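In our numbering, the protein residues as written are 147 to 936.
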Amino acid sequence: MLRIILLWAVLPFAAAHATDPVRIGVLAFRPKPQTLAQWQPLATALKKALPGYDIQVQALTYDELNQGVAARQLDFVLTNPGHYVLLSRRNRLSSPLATLATAGDGVPSGLFGGVIFSRADAPSIGTLADLRDRTIATASTESLGGYQMQAYELLKAGIRLPADARLLSTGMPHDKVVEAVLSGQADAGFVRTGLLEALAREGKLDMRRIRVINRQALPGTTVQISTRLYPEWPFAARSDLDEDLARHVTAALFLLEHDTATTKAMQVRGFLVPADYMPVADLLRGLRMPPFDEVPEFTLEDIWNQHRWPIVLLLASFGLIALLAVRLLLVNRQLAEEQRVVLRQRQELQESEQRWKFALEGSGDGVWDWDIPSGKVFFSRRWKEMLGFAEHEIGDDLSEWESRIRFTDKAATLRAVQDYLDGKTPTYVNEHRLRCKDGSWKWILDRGVAVNRDQDGKPLRMIGTHSDVTRRYQEQLKLGQLLIEQKAMLDNQLVGIATVRNREIRWANPAFARILGYTPEELQGMTTRQFYPDQKSYESFGETAYGALRRGERFRTQRQLVRKSGRAIWVDMNGVLIHPETDESLWGFLDITELKNAEEQIRNLAFYDPLTRLPNRRMLHDRLSQTLATCHRSGRHAALMVLDLDNFKSLNDTHGHAVGDLLLVDVARRLRHCVREMDTTARFGGDEFVVMLTDLDEDPDAATAHAGVVAEKIRLALGTPYQLSIEHEGKPPLTVEHHCTASIGVVVFGSHQDNQDDLFEWADAAMYRAKEEGRNRVHFHRTGDGATSG
């Protein structure tokens, strides 16, 4: 029946009017295209209900809505409650015509709330209190669900925005807030309820990447929420809008059923009777946000008119209090006089008992009582025992104490006493050494206070204690010695020491600075990336080293670093984590560049011929073992050549070994040019060289042919005349031309051979066959007669 009545009210009006477009401004808290697509079905439904009217929906930001309402360019407004309160105060919008009923979204229909969230990988943010001094992203401070609800919750927790945190305004839509938090631009974000779940349904957000703060478990809610629930968006009209149009549009809104295609397209259930928006106004008033950000002006007359009777009662109370105060003053004077009498009697009693109270040496301290005018001092038994004396061995004169003060401490000690007597210091506390009966010295902490003064305030009597602090001084001396030794260790010129936090230098000793070529001041705060040759080695070291340190292990390695000058050095590094809570570690560095160079020299001596820099016999055997293993795996062939120089002895006999060495060096150079980088050229000694060719063809004939070509190339290269320069002291250089050929023995082998001795024996036999047949020849080993000429 209600629907029939509403239709009866709407249709005649709609049929009778054809006016300018009716514009409905909708706040776009999601992207504008998405918002427009959501609310366009509302325009369609209203056009159908009000024929002849051009109903238009516009998706607008806060500023655009403010401008549109102020310029009277919008007839109706659908916005968040906080924004509605602001617009209604500034632009006199109508009272809400209806309240939006959402499609559920996990909260009761007609209500919504706010969500406070951070990244799930930010463990330091778990409660509202953790948001103090953080960066918080919000679409706008005018957004109820995207800022004001959350700000009110923080205010109740003692955090006022924006004073107690940094705000990052992303602008609409709310999606930008989520992007800002996930990208690290903000520590936390504010959005309205349902947005996170909507983004998850759209595939734009993995809910596991976020953590909801101050999560509320409210009846009827199934979505993430951090605040109380507030009424949903109000639908309001311009205050000067035609009443009939406003009434008929409202009636059409109430006719929208929640199960129709229209409401489903808008993702709402429809519209409800207007809700109570006073809680929203109270929230804004508590936050002192527009329109409640200005303090109203009150006159005395306003105060009297509004609070007349409370003021009268207050003034009467003040009068009664004044009378009571006068009475209390008179009573207090009487009590004060009586109290002075009691205090005087108590003081006389205390003076007679004070000496014995201090004599109760339960703490083990000695007690002294000095009558200043007479110079007489009472020293307790413990005071005397502390210095090794019996009760009768020390008198009652002040000189008993003064005479035992160490000479170097005496002037300062007596000056401290006099300063207290003169009122220059509030208390007397001094440490000095006293001589014991056995001649040793003890450090004494001497403390005293005046317990009786004359009418001018000058002390007449002092009581104090002696405490033996010798052990403390001894510990301080030990600690000082340890500090000296530690400083000597840290300031050494050999071992570099540094503390590192987050891979930045916090402190470094001079040796560390010297090793890397910096000053200690330059190193302060410097990132350790400067010490690595490239980014890859920097990251690789960080993963390995700091992973071990965080597991509680020490980490040691030898690594190549780069000095400030760019020169590479080798260091021995040793690190340990010293502050797990800050990830601070201590590192020791030792420059081992010379040691590494020495190792390299030793390796060269062990594996290389010092004259020709070719691999020696030992390295060749090692590489031959590797080649045999490769042949077994791959099925390919390799070749071994033994070369012996012809006519070399005559050069040595004629011109000496120095010239012969020049020839050997040149032979090594020519051999390198004849083979590939993967092949090996070695010198066995004297004028004998060995060449090993690897990775030859799987077919033995093809492999033999390849070896023959290389052997012939070597033979021709070594047969070219040599130009050798001879230098004699005091004479100009002399160039000697020498003709030298080579006899070469070759053996090709594959996966069926694994005996190195056999291979060398066969190649050596082939080389000797070449010499026997006239030299300057290449011979291949073959089964039967030992070699094949080539």
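Glycine included, every Cβ here is placed at the ideal spot set by N, Cα and C. Quick caveat, the model's predicted, so the values are computed rather than measured.
On the DSSP bridge list, what partners appear for TRP587?
Here residue 587 refers to the residue found at position 441 of the sequence shown. Among the bridge pairs identified by DSSP, TRP587 is matched with ARG581.
Near PRO319, which residues of its chain fall below 8 Å by C-beta distance, leaving aside the five closest residues on each side in sequence?
Walking along the sequence shown from the start, residue 319 turns up at place 173. Taken in chain order, the residues that qualify are ALA174, PHE175, ARG176, PRO177, LYS178, GLN180, THR181 and ALA285.
Report yes if the C-beta distance between VAL513 and THR616 is below 8 Å; otherwise report no.
If you number the sequence shown from 1, residue 513 lands on position 367. If you number the sequence shown from 1, residue 616 lands on position 470. Taking 8 Å as the Cβ cut-off, VAL513 and THR616 do not qualify as a contacting pair.
Spell out the partners DSSP gives HIS725 in its beta bridges.
Here residue 725 corresponds to residue number 579 of the sequence shown, with the count starting at 1. Answer is GLU730, bridged to HIS725.
Excluding the 5 residues flanking GLU730 on each side, which residues of the same chain have their C-beta closer than 8 Å to its C-beta?
Here residue 730 corresponds to residue number 584 of the sequence shown, with the count starting at 1. Within the same chain, GLU730 has close Cβ partners THR645, VAL646, ARG647, ARG652, LEU723 and ILE724.
Could you spell out the range, first to last residue, of the alpha helix (DSSP H) harbouring TRP185?
In the sequence shown, residue 185 corresponds to position 39, counting from 1. For TRP185, the uninterrupted alpha helix (DSSP H) segment begins and ends at 178 to 195.
Tell me the DSSP bridge mates of GLY642?
In the sequence shown, residue 642 corresponds to position 496, counting from 1. Paired residues: PHE735.
Would the segment 404 to 422 and the segment 266 to 281 be scored as touching if the rule is three or more Cβ pairs under 8 Å?
Verdict: no, contact absent.
How is the beta strand (DSSP E) around ALA205 delimited, first residue to last?
For the purposes of this step, residue 205 is taken as the residue at position 59 of the sequence shown. ALA205: member of the beta strand (DSSP E) spanning 201 to 206, first to last residue.
Assign VAL323 to one of three DSSP states: helix, strand, or coil.
Position 177 of the sequence shown, counted from the start, is the residue given in the question as residue 323. If DSSP states are grouped into helix, strand and coil, VAL323 belongs with the helices.
Hey, VAL788 and ASP910: beta-carbon distance below 8 Å or not?
Position 642 of the sequence shown, counting from 1, holds the residue named residue 788. Position 764 of the sequence shown, counting from 1, holds the residue named residue 910. Contact flag set, yes.
When you compare the CB positions of LEU770 and MET824, do they come within less than 8 Å of one another, or not?
Counted from its first residue, the sequence shown places residue 770 at position 624. Counted from its first residue, the sequence shown places residue 824 at position 678. For LEU770 and MET824, no; Cβs fall outside 8 Å.
Tell me which residue opens and which closes the alpha helix (DSSP H) that LEU173 is part of.
Residue mapping note: residue 173 aligns to position 27 of the sequence shown, counting from 1. LEU173 -> not in any alpha helix (DSSP H); beta strand (DSSP E) instead, spanning 168 to 173.
Quick check on the DSSP output: the beta strand (DSSP E) that includes ARG829 runs from which residue to which?
Working through the sequence shown from its first residue, we reach residue 829 at position 683. Taken as a continuous stretch (DSSP letters only), the beta strand (DSSP E) holding ARG829 covers 826 to 831.
Under a Cβ-count criterion, where at least 16 other Cβ atoms within 10 Å of its own Cβ denotes burial, should LEU506 be classed as buried or exposed?
Locating residue 506 in the sequence shown gives position 360, where the first residue counts as 1. Bear in mind that the predicted position of LEU506 carries a pLDDT of just 49, short of 50, making it unreliable; the figure below should be weighed with that in mind. By the neighbour-count rule (16 or more Cβ atoms within 10 Å), LEU506 is not buried but exposed.
Would SER526 be called buried (16 or more neighbouring beta carbons within 10 Å of its own) or exposed?
Walking along the sequence shown from the start, residue 526 turns up at place 380. Counting every other CB atom within 10 Å of its CB across the protein chains shown gives SER526 a total of 16 or more, marking it as buried.
Cβ-heavy atom distance between ALA911 and the ligand FAD below 7 Å?
The ligand FAD is absent from the structure shown, which contains no ligands of any kind.
Return the bridge partner residues of TRP716 from the DSSP annotation.
Position 570 of the sequence shown, counted from the start, is the residue given in the question as residue 716. Paired residue(s): GLN706.
Less than 8 Å between the CB atoms is what I'm expecting for ILE305 and ARG347, so what's the real figure, rounded?
On the sequence shown, residue 305 is found 159 positions in, with the first residue counted as 1. On the sequence shown, residue 347 is found 201 positions in, with the first residue counted as 1. Not a contact, Cβ separation roughly 32 Å.
Residues in the same chain with beta-carbon distance under 8 Å from ASP221, minus the five sequence neighbours each way, listed in chain order, please.
Here residue 221 refers to the residue found at position 75 of the sequence shown. If you ignore the 5 residues before and after ASP221, its C-beta comes within less than 8 Å of the C-beta of VAL168, ARG169, ILE170, ALA383, ARG384, LEU387 and LEU391, all in its own chain and listed in chain order.
Take the Cβ of ASP166 as the centre, count every other Cβ of all protein chains shown within 10 Å, and call the residue buried at 16 or more, exposed below.
By one-based count along the sequence shown, residue 166 stands at place 20. Taking all protein chains in view, the Cβ of ASP166 is surrounded by fewer than 16 other Cβ atoms within 10 Å, so the residue is classified as exposed.
Look at the Cβ atom of ILE457, then the Cβ atom of PHE336, and state whether they are nearer than 8 Å.
To locate residue 457, count along the sequence shown from 1; it is residue 311. To locate residue 336, count along the sequence shown from 1; it is residue 190. For ILE457 and PHE336, no; Cβs fall outside 8 Å.
Can you tell me whether PHE535 is helix, strand or coil according to DSSP?
The residue labelled residue 535 in the question sits at position 389 within the sequence shown. In this structure, PHE535 counts as coil in the three-state DSSP scheme.
Given a threshold of 16 other Cβ atoms within 10 Å of its Cβ, counted over all protein chains shown, does ALA161 qualify as buried or as exposed?
Counted from its first residue, the sequence shown places residue 161 at position 15. In this prediction, ALA161 has a pLDDT of 42, which is less than 50 and means its spatial position is unreliable; nothing more can be read from the coordinates.
Have a look at the DSSP bridge pairing and note the partners of LEU246.
Walking along the sequence shown from the start, residue 246 turns up at place 100. Paired residue(s): PHE417.
If you draw a straight line from the alpha carbon of LEU188 to that of VAL203, how long is it in whole angstroms?
Position 42 of the sequence shown, counting from 1, holds the residue named residue 188. Position 57 of the sequence shown, counting from 1, holds the residue named residue 203. Between the alpha carbons of LEU188 and VAL203 lies a gap of roughly 8 Å.
Quick one: residues in its chain with C-beta nearer than 8 Å to the C-beta of LEU239, no 5 flanking neighbours on either side, listed in chain order?
By one-based count along the sequence shown, residue 239 stands at place 93. Taken in chain order, the residues that qualify are VAL215, VAL223, TYR230, LEU233, ALA382, ALA383, ARG384 and SER385.
Give the secondary structure of GLN219 by DSSP, where H, G and I count as helix, E and B as strand, and everything else as coil.
Counting from 1 along the sequence shown, the entry for residue 219 is found at position 73. The DSSP-derived three-state label of GLN219 is coil.
Might you give, ordered along the chain, the residues of its own chain that have their beta carbon closer than 7 Å to the beta carbon of GLY712, omitting 5 neighbours on each side?
Locating residue 712 in the sequence shown gives position 566, counting from the first residue. Hits under 7 Å: none found.
Nearest to GLY734 by alpha carbon, out of MET719, ASN743, GLU727 and GLN747?
Numbered from its first residue, the sequence shown carries residue 734 at position 588. Comparing Cα positions, the closest option is MET719.
What is the rounded straight-line gap between the Cα of ASP321 and the Cα of ILE371?
In the sequence shown, counting from the first residue as 1, residue 321 sits at position 175. In the sequence shown, counting from the first residue as 1, residue 371 sits at position 225. One C-alpha to the other measures close to 17 Å.
Please report the residue range of the alpha helix (DSSP H) in which GLU907 lies.
Within the sequence shown, residue 907 is the residue found at index 761, counting from 1. Residues 902 to 918.
Whose C-alpha, out of VAL358, MET353 and SER315, is nearest the C-alpha of GLY272?
Position 126 of the sequence shown holds residue 272. The shortest Cα separation from GLY272 among VAL358, MET353 and SER315 belongs to VAL358.
Short of 7 Å in beta carbon distance, which residues of its chain neighbour ARG921, apart from the five on each side in sequence? Order them along the chain.
Here residue 921 refers to the residue found at position 775 when the sequence shown is read from its first residue. Excluding sequence neighbours, ARG921 sits near ASP792, THR887 and SER889.
Helix or strand or just coil, what does DSSP make of GLU883?
Within the sequence shown, residue 883 is the residue found at index 737, counting from 1. Reduced to three states, the DSSP call for GLU883 is strand.
What is the DSSP secondary structure of ASN922, reduced to helix, strand or coil?
One-based indexing of the sequence shown puts residue 922 at position 776. Three-state DSSP puts ASN922 in coil, outside helix and strand.
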